[in-house]
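K.L.:
Chains as they are written, first to last, in the working numbering: chain W, -13 to 327; chain Y, -13 to 327; chain V, -13 to 327; chain Z, -13 to 327.
Think of the CB as a built atom: it goes at the ideal place given N, C-alpha and C, for glycine as much as any other residue.
Because the structure is a prediction, the values reported are computed rather than measured.
1) How far does the alpha helix (DSSP H) with residue 185/W in it reach, from first residue to last?
2) Roughly how many angstroms separate the alpha carbons of residue 120/Y and residue 150/Y, rounded to a whole number?
3) Could you tell me whether the Cβ atoms of residue 166/V and residue 47/V are closer together than 8 angstroms?
4) So residue 288/Y packs on residue -10/Y, CB below 8 angstroms; how close in whole Å?
5) Roughly how many angstroms lie between the CA atoms of residue 106/Y and residue 241/V, to the nearest whole one?
6) What runs of the beta strand (DSSP E), each 3 residues or longer, lie entirely inside the stretch 57 to 121 of chain Z?
7) Residue 141/Y: which of 126/Y, 98/Y, 270/Y, 285/Y sits nearest, CA to CA?
8) In terms of alpha-carbon separation, which member of 308/Y, 316/Y, 282/Y, 313/Y lies closest to residue 301/Y?
9) By DSSP's criteria, residue 198/Z is part of a beta bridge. Which residues make up the other side?
10) Between the stretch 84 to 111 of chain V and chain Z, which residues of the former have a C-beta closer than 7 angstroms to a C-beta of the latter?
11) Could you tell me which residues DSSP pairs with residue 155/V in its beta bridges?
12) Report the rounded CA-to-CA distance for residue 127/V versus residue 263/Z, giving the unit in angstroms.
13) Can you tell me the Cα-Cα spacing of residue 71/V and residue 90/V, whole angstroms?
14) Report the residues of the stretch 115 to 137 of chain Y with a CB closer than 9 angstroms to any CB of chain W, ordered along the chain.
15) Closest by CA to residue 101/Z, which one among 253/Z, 259/Z, 145/Z?
16) Hey, is residue 80/V's beta-carbon within less than 8 angstroms of any beta-carbon in chain W?
17) Going by other Cβ atoms of all chains shown within 10 Å of its Cβ, with 16 needed for buried, is residue 320/V buried or exposed?
18) At the 8 angstroms Cβ level, is residue 242/V part of the contact set with chain Y, yes or no?
19) Counting only Cβ pairs nearer than 9 angstroms, list the residues of chain Y close to residue 73/V.
20) Residue range of the beta strand (DSSP E) that residue 303/Y falls in?
21) Let me know if residue 203/W comes out buried or exposed under the rule of 16 or more other beta-carbons within 10 Å of its beta-carbon.
22) Give a yes or no on whether 8 angstroms exceeds the smallest Cβ distance from residue 314/Z to chain Y.
23) Shortest alpha-carbon distance to residue 133/V belongs to which of 172/V, 112/V, 109/V, 104/V?
24) Of all Cβ atoms in chain V, is any one closer than 8 angstroms to the Cβ of residue 223/W?
25) Could you list which residues in chain W have their beta carbon closer than 7 angstroms to that of residue -4/Z, in chain order?
26) Run down chain W in chain order and give the residues with a C-beta less than 8 angstroms from the C-beta of residue 62/Y.
27) Within 7 angstroms: the Cβ of residue 207/W and any heavy atom of the ligand GTP?
28) At the level of alpha carbons, what is the spacing between residue 327/Y and residue 247/Y?
29) If we ignore side chains and look at the alpha-carbon of each, how far apart do residue 258/W and residue 322/W end up?
30) Grab the span of the beta strand (DSSP E) containing residue 276/Z for me, first residue to last.
31) What's the gap between the Cα of residue -12/Z and the Cα of residue 226/W?
32) CA-CA distance, residue 36/Z and residue 17/Z?
33) Below 8 angstroms between beta carbons: does that hold for residue 192/Y and residue -2/Y?
34) Would you identify the three-state DSSP class for residue 295/V, choosing helix, strand or coil?
35) Could you tell me whether the Cβ atoms of residue 123/Z and residue 84/Z are closer together than 8 angstroms?
36) Between residue 243/W and the rest of its own chain, which residues show a CB-CB distance below 8 angstroms, the 5 nearest in sequence each way excluded?
The following block contains the structure:
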């Protein structure tokens, strides 16, 4: 049985574990105030070419999304998202539980546009309606697509014009920035957002996201709200060490690049088999449409997520990770080919 | 200047004020524990033919909606509403501020259907998504339409089948139940819902909504959550007295009936003038589409709400109330006719 | 049966009702945007000698307390109060329900002191603790005592020094400012606080508190949060009209003065009977200690609140209002005298 | 420099890391649905001799406390705690941020008593007050003391009598159950509580607490609220693996026993030096009072927490862990002895 269910099925990359082992005899300060977290911060600041950012290490994506939004908005302010957004669908109402409405727009290839942002804002005025104050996007998106530089630029400019924060969920930022068609750098991300995070959980770390607060107005009090939300680890250095490793020798991008390369092998193989794609994704999530019979047969040897089930066909999601070997792809394609006969 | 802006522009109906005056020398217990509130409860119970309901008097519609939903749902449970629903658009995020997500469906003539309820539920499962647990509807709806008996029955049955509470916002229940095409009684409403309220604010009272909790599982603790939300008046008997008056000699329905009759005069007159209607409403909210030039000219002598503004035309909302005199309608139609020439 | 249970047993003072009657044929804008609310605002601004304040009319004390605190504090900020404070004991957890901790100090005669404020602040630092950001006091206090000018001044200065907002709950501000030993004016209150309110409910109005926001930093967004909390009345002019009446011909202070005078008659009479007082209150709440037997006997003809019950004695609270006639006092004293024999 | 600051200064015990290494090539299901988490659950169930409990693995103590309380209480219900309780002082208002009031009682040796629980409950009634519904205790307490079996029994019986849940914060449960004077077993804890957790973070794990829900009424929906609060790790098997290791060959108690033994060495040595103790703690937190001069001098070579600073003396907290070597104690005692001369 091989799993293409997600990119967090394997615990940790050896280079990260190696650094962990080297710290075993140390004593470290708690709550992210340790030397490893500080070093990781410096490495990230260097990569984004900006020392004036605050960096916090959090345990996961939902935690980041919930806490950042709760921190940034007043009680009557709202966040704009595409309807497929992770905060809207897959976080069990975490944002609303913090008191904030999510204003929905339909996505184009999973992405938001300046026009849709403007439309939402134009429809909200007066104290009987919530006040739009933040735009949430993820890169890569829920369906694996990525933002091009001109797209992000246009969105950020629109946000600036309308007085909205731009918040980028980067749980899968690694694969976004190493995709073939990507033209953004991590420094660009920091330049064209108010706050964003760099995912570790889905890119080789045991757990952890590096949250970067660029907008000075969002810096104050973040540690308080992090603690209040149960998001501050006692052994915060566990996160610091891992990001130190990820930003050493470019590990984070090496892992993401492998993840994409193996995904592109899969994609090419599927195309060879004339498989129908639900979305055209340049990253590690591939969505394909198969006959229900085929899907049923595949489940004997493979694990994956059912995305949408219809009468005759099912869309499934196949996800590769830093740990996916080429053999897994070859075997899957071979087995699928056999089933298709 | 005459205002068709809403149905709460005039303070209070004389029969209600008369009862208020009769109580001036009384001393009454606070917090809704007084004799007038008790009497009003009995009158309402008689009207709905059910003595096993709890009745609380609240100050307004948003207060009712927010508190009932906060009271009924667990933190991860959500309420289903049409996207035009008052709780979604016009309450400044009050529901989300209590921690709950609103799951949206597009309305059909402003109304929800069993099919749409079922579809939402079928798409929600597992702990990563919120759990749909309540359906919110209003009667009349935001665009003045009303639910027929078979529609409500079908919705309530679907709710029962899926384990959902049905909550009816009755801020304008009076006009709904006295519309020409209505076939529901107040007793039907109580039979086919878990909790609902009867609006006073928009039907002759200074303020106040009578909330009726039918489902025994929703009764416990309501006074606690009412107090906690700042919704419990010290002089609760002010609300009790008014509902005593409204349910004496059928006042509540007399007022609503007048409101509708005057609205139907307006509607007929507008039709005579070949005015385009945005929605076909049988109650006191009429939505018409006029050239921007006409709208501009009307604002000199009339006040009303701009519903939607487009390049050439504007949809405006005209609302009648228990206090609207026939003359106001005649004058408006006459003036409009002149402008149309 | 005569009730000394509270100061909200009688609905409304005739002068207020008179003004209400005069408005019956008017049409008014909703949500506090009407001419009466505006006039009431001007009258209050004149009384406090400050036109640069925002004034909102709310339905009641708990609503004011909850909404002001929710509006003023960030999620991790807390409010300081004496442990007997209304927000701590009698609001069903309304403040915590908005997410904020109340930091408690023991009161001195029901009052807070600069020393206690400083002590609380000195014990709070770092992100593991809440951040004290507001001081809540009420005048008169829960036990009827009042703040002298030098006391308030010292508290406000300490708040300024420590970066704390001072919020004055004035549900019973009328009796505080008209007590014999009072040396504060309404203008002083406005000068030595960031936000406060003037109670109507307990001083002749049907309902309503006039909230005055002095600190410019607290003004923005208040209408949004008011709406979001279900605290904005559709017929807001009902509140405006009443405060217009209360601030016409000094009605608010005339009513409060009567309330106190009648309370002082009661107090003097009780002293004559050598009754033991639990607190020395110069306002309309008098707390006396009686044998359980006497209390039991009194309940046949009088209603009042049991404050604290012990083995042999009970502390009861006697409250006078703008409507309490001298006869009620005389009868009560006479009956008590008879029982004491 | 040696740190006695806390028991989470060292990352992970070698036996736990060893098991982690053995899983490196595995693929595991996410969100705590993996085989390691299941095995850890079985091992814990065996230890507490009860298979009818739900077990969830959370990231830390504040997360546990916040989520359990939010899960268990209705909006107007409150939790009782000693004023020194972690939830009251050191969680940045996390409990109130979820909407719940903490009702405080003064502790006796850091512990709550049935009498104090009863007193709080007797003072709360009616809808104007919060409803006490849960008692929160920690074992060991914030000052290192522990509950004896008869104490816990009396508390649990009182909770049962009054309809209160008993929730035991076991962030330091290991040292509590292995203290010399302890007479409780883990099975006793499960028998005399509704919900409790077993700390991993402070007892050798990288992170993680094992939450045990005993009361069937508290089981439903916990995964939903866990997800909603950002407390559900994608790689939940990281937690499962660690608890699997901790409950293999009794590791959890071996580590705790060492922690206590080394603490008792320290305590004995300090007594020999006639040092004054602030509290008499039988576990790994020792609180001693030293002249400010001595404290200052100690900071050159040792790190520890300042508990309370007075004019001449300072109370400091010294904490040992599973990793503290005997040498560290000997050196500290020797250095202190020298300073005391």
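P.N.:
Reading off the structure:
1) That residue, residue 185/W, is in no alpha helix (DSSP H); its beta strand (DSSP E) goes 181 to 185.
2) 5 angstroms
3) no
4) Contact holds; Cβ gap of about 6 angstroms.
5) 57 angstroms
6) 63 to 68, 88 to 91
7) 98/Y
8) Here the closest residue by C-alpha is 282/Y.
9) 41/Z, 182/Z, per the DSSP bridge assignment.
10) 85, 86, 87
11) 124/V
12) Linking residue 127/V to residue 263/Z through their CA atoms gives a straight-line distance of about 42 angstroms.
13) 9 angstroms
14) 115, 116, 117
15) 145/Z
16) No, because no Cβ of chain W sits closer than 8 angstroms to the Cβ of residue 80/V.
17) exposed
18) no
19) The contacting residues do not exist; residue 73/V stays about 11 angstroms from chain Y at best.
20) First-last of the beta strand (DSSP E) with residue 303/Y: 299 to 305.
21) exposed
22) no
23) 172/V
24) no
25) 13
26) Going along chain W in sequence order, the residues near residue 62/Y (Cβ under 8 angstroms) are 78, 79, 83.
27) The ligand GTP is absent from the structure shown, which contains no ligand whatsoever.
28) CA-to-CA, the gap between residue 327/Y and residue 247/Y works out to about 27 angstroms.
29) 11 angstroms
30) 271 to 277
31) 21 angstroms
32) 24 angstroms
33) yes
34) Of the three classes helix, strand and coil, the one that applies to residue 295/V here is strand, per DSSP.
35) No.
36) 164
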